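Residue numbers (our numbering): 706 to 1190.
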């Protein structure tokens, strides 16, 4: 559910599309890399460090802006050319990849999108936002700001998607913010902070499942050392950052127009659906979703359930929510499939990732690395290693944090374990490596998305908001790594 957004009325014209030459450069580079892969395959045999060439190809092409699915397919082709496996071995790797944990993460992302669509169709998503805003209504601007922030946090955490959840929340939040005198930029900053905190906490978001699987920890450890500190820091800093943005942007007359104040489908108190029976069904569905979500999260935390648990939990949420809303089975199935269909390319991407790692395993490049450089690497301190890997968040895979986590775990996991990086420390490393670039230092899609949905157009305020969290978060996680290592 990725919305189509603009950066607001003052954001200026959209950038011109890249020229044919710029579009052709990544494909030309891919062709050269594939030729090099074939040469490496003809001139070497396993075990060989040439097995790292497809990883380098994947990282380089992903930074060019090429479609990530195409990048992954090219990297798989490169791995096949380096390995040159027999046909039977190729089929075995591709078949085994279907049930690999990496592919399971892709399936979880698909199911999460399907549940999100069920919540949208049943009105549960709207109901969650309205309920939180009602609690904050009438208690002053700061309370309302925290109400808006928590509404975004809860909705994103429940749906496991930032763009889709904020797209649902924005039509309800913007009129409320406008009537309360919030500027566009302050509204965007509030949505951004709340949404990003919610995404870090989301128990069934694909990237978070990937972190827990790679670090071999449960949700409780993940929250205690990773997502919890980030969410708490976001809540604390919002009390300073959002008023700062409000004061600065108010001086530039960054307020909403009067006609935007009336664009509210019910307001904070809201009458809800005109049909009382429909309102009751939505209320029942909301409680059903919240109860099932809480129970499944508690079970996952206490039992340290594995990666496959969301495969049961997510469909259960969809079924219980649809049943409580008295949605017909056909309509519920249609909503579920509609949400899933949009994420099917992501499932294919993760299957290809699993295949990529399978072909690389045939080449055993990590055995060569450890044999050649092992003594020196094992003498490295765990803390500098962890900080260096976490810093990869600034040069990560754009738009696919779960894929980035899997890639980092595959490349650096064995070495990190050898030099003493603990599972709890891996949580911090992987979380920050995959989410740091959300907060800066450069503009990104999440910032622009929040701006567009809040109808804001002044990017420096969102950059300032990101930096205000980025700097103390870096310090906080460094301190935690020192304690854990």
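All C-beta atoms, glycine included, are put in the ideal place defined by N, C-alpha and C. Values in this document were obtained by computation on a predicted structure and should not be read as measured data.
Asked, Found
"Beta carbon of residue 1052 nearer than 8 angstroms to that of residue 812", "yes"
"Cβ distance (whole Å) where residue 923 is taken to contact residue 857 below 8 angstroms", "Wrong, their Cβ atoms sit about 26 angstroms apart, outside the cutoff."
"Per DSSP, cross-strand counterpart(s) of residue 888", "960"
"Sequence-distant residues of the same chain with beta carbon closer than 6 angstroms to residue 1055, five excluded per side", "807, 808, 810 and 811"
"Residues near residue 969 by beta carbon distance below 6 angstroms, same chain, minus five either side", "Model confidence at residue 969 stands at a pLDDT of 46, short of 50, so the residue's coordinates are unreliable and nothing is read from them."
"Contact between the region 940-954 and the region 784-800 (3+ Cβ pairs under 8 angstroms)", "no"
"Nearest-angstrom Cβ-Cβ length linking residue 1145 and residue 1168, presumed shorter than 8 angstroms", "6 angstroms"
"Local Cβ density within 10 Å of residue 750, reported as buried at 16 or more and exposed below that", "exposed"
"Closest Cα partner of residue 1005 within the set 1046, 980 and 917", "917"
"Backbone CA spacing between residue 712 and residue 755 [nearest angstrom]", "Bear in mind that the predicted position of residue 712 carries a pLDDT of just 39, short of 50, making it unreliable; the figure below should be weighed with that in mind. C-alpha separation (whole angstroms): 44 angstroms."
"Touch test, the region 843-853 against the region 884-894, Cβ-Cβ under 8 angstroms, three pairs minimum", "yes"
"Where the alpha helix (DSSP H) through residue 837 begins and ends", "829-841"
"Same chain only: Cβ atoms within 6 angstroms of residue 816, ignoring 5 sequence neighbours per side", "1019"
"Stretch pair the region 990-1001 + the region 822-835: three plus CB contacts closer than 8 angstroms", "yes"
"Stretch-stretch touch, CB-based, cutoff 8 angstroms, three pairs: the region 979-993 with the region 1030-1040", "yes"
"Reduced DSSP category for residue 1144 - H, G, I as helix; E, B as strand; rest coil", "coil"
"Where residue 927 falls, given that 16 or more other Cβ within 10 Å makes a residue buried", "buried"
"Residue burial classification, residue 1187 (beta-carbon count within 10 angstroms, cutoff 16)", "exposed"
"Reduced DSSP category for residue 1124 - H, G, I as helix; E, B as strand; rest coil", "coil"
"Spatial distance of residue 775 from residue 730 (CA atoms)", "14 angstroms"
"Meets three-Cβ-pair contact criterion under 8 angstroms: the region 1116-1129 and the region 1170-1178", "no"
"CA-to-CA distance, residue 1179 to residue 951, given in whole angstroms", "25 angstroms"
"Check whether residue 805 and residue 1010 have beta carbons under 8 angstroms apart", "no"
"For residue 1069, the three-state DSSP class (helix, strand or coil)", "coil"
"Chain-order list of residues whose beta-carbon lies under 7 angstroms from that of residue 885 (same chain, five-residue window excluded)", "846 and 849"
"Close Cβ partners of residue 757 (< 7 angstroms) along its chain, the five nearest in sequence each way excluded", "1070"
"Residue 778 - containing alpha helix (DSSP H), residue span", "773-788"
"Whether residue 864 touches residue 821 by CB criterion (8 angstroms)", "yes"
"Spatial distance of residue 802 from residue 943 (CA atoms)", "43 angstroms"
"Distance between beta carbons of residue 1133 and residue 869, contact taken as under 8 angstroms", "Not a contact, Cβ separation roughly 27 angstroms."
"Close beta carbons around residue 887, own chain, < 7 angstroms, minus the five adjacent residues each side", "951"
"Burial state of residue 1046, where buried means 16 or more other Cβ atoms lie within 10 Å", "exposed"
"Option in 735, 963, 794 and 838 with minimal Cα separation from residue 1068", "794"
"Rounded C-alpha distance that separates residue 1190 from residue 1003", "28 angstroms"
"Residue burial classification, residue 1126 (beta-carbon count within 10 angstroms, cutoff 16)", "buried"
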